[in-house]
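Below: the structure, in structure tokens.
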Amino acid sequence: MYFSKVKEINLKGDSVLSFYTGKMAQQADGSALCQAGETQVLATICFDKFSEDKGFDFLPLTVDYREYTYAAGKIPGGWFKREGKPTEKEILTSRLIDRPIRPLFPDWYKKDTQITALVISADGQNDPDIISINAASLAIALSPVPIEETIGAVRVGFNGNDWLINPKNGEKENSLLDLVVVGTQSNVVMVEGSAKQLEESVFLEAIEIAHKEIIKIIQAINEIKEKFGKEKWAKKVEPLYDDQYFEEIKKVHRDTFVEMLTIKEKKKRNEAINGYIQNVLSNIDPEKEEEKIKILASFQELEKEIVRHLILNEGKRLDGRGFEDLREITCEVGVLPRTHGSALFTRGETQALASVTLGTKQDAQIIEDFEGEMAQKFMLHYNFPPFSTGEVKPLRAPSRREIGHGNLARRALEPVLPKEDIFPYTIRIVSDILSSNGSSSMATVCGGCLALMDAGVPIEKAVAGVAMGLVKEGDKNIILTDIAGQEDHFGDMDFKVAG
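Numbering-wise (our numbering), the sequence shown opens with residue 414 and increments by one.
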């Protein structure tokens, strides 16, 4: 092999992960290859260390996962015989890699950064997504990118009797559980999965079993890091605000901000806050652009501090609810006269219009990947138009977020659909988010379930979803039910649950 093997990890059952590094992609800041069976993923990370800081208030991180058909000894179909734009699976896997890695970056780090994961060999049995996360983790550990925490990832299956770690594709078909768990040495960072109507206790046990295996992976990555890792980049970027500006802003404007933040209606609250900030900025000399940036950043930090303080220390949410309270819910079915099924689901200021269309087998979506062609007979498409948040943006092709949220809702509803011999139709759900203030994907689950019932689809049970949040400071943890937009933005967790 072109790479030299540096570590092999034996996980529970017959799952084996091998790590290689040292010869491929040497111009990258970090590179690693991870292998399971004969499936190999090459992961790299690069960051723009030489450009001037652009004053971003976000992390400009891009994650790209690509599957090359040569990896499975195949030539792409179609006229061009070449891989084109990312497939839905590639987009979903890119998001899967991004989600646990993004929170690990230090707050001060705002450099353009790209992680790539290329599937260069595929055996059709070992799913590349878990391999990609672990390969990316090692590439980061070996690079100068200033992330100190190491993550590991496993997939957990359960066949009713035995736990399966990184089950093969054949084993996944008979598994009641498909759960991806990513964690650090001491904590779980991300959980994503679906199940065939299992008890909550099974999920909890699965996470505990997964974390034991994750620790083995992390220990191996850290050993490789000690031997081959580069010195971490230490140049800290100054925050957009400084303490002097923040303390002055806080002293003068905090009480007014508390009043505005507790306005219950999102649109009125945002208009009040934005208008107030613009009024303050209008009194600043137009040539003092840097001062304006620092003041704006200080206001944003003040907003975060107040929201968290109200929850942690005063037991208050912005809309006046208790920690376990749901927003007001209204449901209507049969709202669209020409569709096979439709529903309008409203929870607080989040509203989803769901429609169901039934078709024949010929209407199924044909998906081509390493394993050949397959027909997908259940589709769920999620649309998030800009007017749902009162914004002005062009309508374009579905974004990564829209594809990800649609997949999340699809996985929540799929386990309760009837078997093909009972209901041999192709089903397409479209969810248009008409208004959004948090938990729109879970509104899609609820609206989609109502629309299925309105269309006469004999689902096994009703399904609902809710987004849970966490605000944590020291040893104090506050769990929030049915989080709204700002609770999601300023909180420490967004955990979407459907059942």
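Even for Gly, the Cβ is constructed at its ideal location relative to N, Cα and C.
Model, not experiment: these values are computed from the prediction.
For residue i, three-class secondary structure by DSSP
i	result
M881	strand
R809	coil
S801	helix
S507	helix
A552	helix
F463	coil
D901	helix
M414	In this prediction, M414 scores a pLDDT of 41, lower than 50, which makes its location untrustworthy; the coordinate-derived value is nonetheless stated afterwards. Of the three classes helix, strand and coil, the one that applies to M414 here is coil, per DSSP.
K523	coil
A449	strand
A530	strand
Q775	helix
A456	strand
D782	strand
A485	helix
D542	helix
Proximity of residue i and residue j at Cβ, strictly below 9 Å
i	j	result
G882	A765	no
E626	K420	no
S428	N579	yes
I514	I543	no
A647	D470	no
D477	A535	no
G851	E815	no
K638	L555	yes
S844	A767	yes
E503	T482	no
S545	T506	yes
R915	T763	The structure shown does not extend to residue 915, since the chain is modelled only from 414 through 912, so no value can be given for it.
I634	L551	yes
L731	R667	no
7 Å Cβ shell around residue i - same chain, five flanking residues per side excluded
i	result
K909	L821, S854, M855, G878 and A880
E745	A756 and L757
D461	K524 and D525
E562	L517 and T597
G747	S755 and D867
L611	L589 and L590
G570	L577, P580, E584, K585, S588, L590 and D591
G642	A554 and L555
F903	K717, V720 and R721
Distance, residue j Cα to residue i Cα
i	j	result
A810	P798	11 Å
I620	T452	25 Å
I564	A549	9 Å
A566	K677	40 Å
V858	A825	7 Å
G754	R823	16 Å
G486	E786	15 Å
F493	D782	16 Å
K832	W521	51 Å
A911	S848	21 Å
P559	F616	33 Å
Y750	G869	A small correction: the amino acid at residue 750 is Pro; Tyr does not occupy that position in the sequence shown. Each residue's alpha carbon lies about 15 Å from the other.
I422	V593	18 Å
N539	N587	15 Å
L769	I891	Here residue 769 is Val; the residue named in the question, Leu, does not match the sequence. Roughly 38 Å separates the two Cα atoms.
D905	D895	14 Å
G435	N547	16 Å
Residue i - containing beta strand (DSSP E), residue span
i	result
D477	L474 to E480
E745	I742 to V746
M603	V601 to A608
G596	L590 to G596
E786	G785 to Q789
R760	G754 to R760
N890	K889 to T894
Same chain, Cβ closer than 6 Å to residue i, five either side skipped, listed in chain order
i	result
K874	V829
G819	L793, H794 and Y795
E613	none
T839	G772, D776, A777 and K790
L723	K729
P541	T452, V454 and V532
Residue interval of the alpha helix (DSSP H) (run including residue i)
i	result
Q632	E613 to F641
R568	Not the alpha helix (DSSP H): R568 falls in the beta strand (DSSP E), residues G565 to F571.
V720	E702 to E727
N692	K679 to L694
L865	S853 to D867
Y658	D656 to L674
E584	N582 to E586
8 Å CB neighbourhood of residue i in its chain, flanking five on each side removed
i	result
E827	S607 and F791
G898	K679, S849, N850 and G851
Residue i CB to nearest heavy atom of the ligand GDP below 8 Å
i	result
F783	By its list of ligands, the structure shown contains no ligand whatsoever, and the ligand GDP lies outside what it can speak to.
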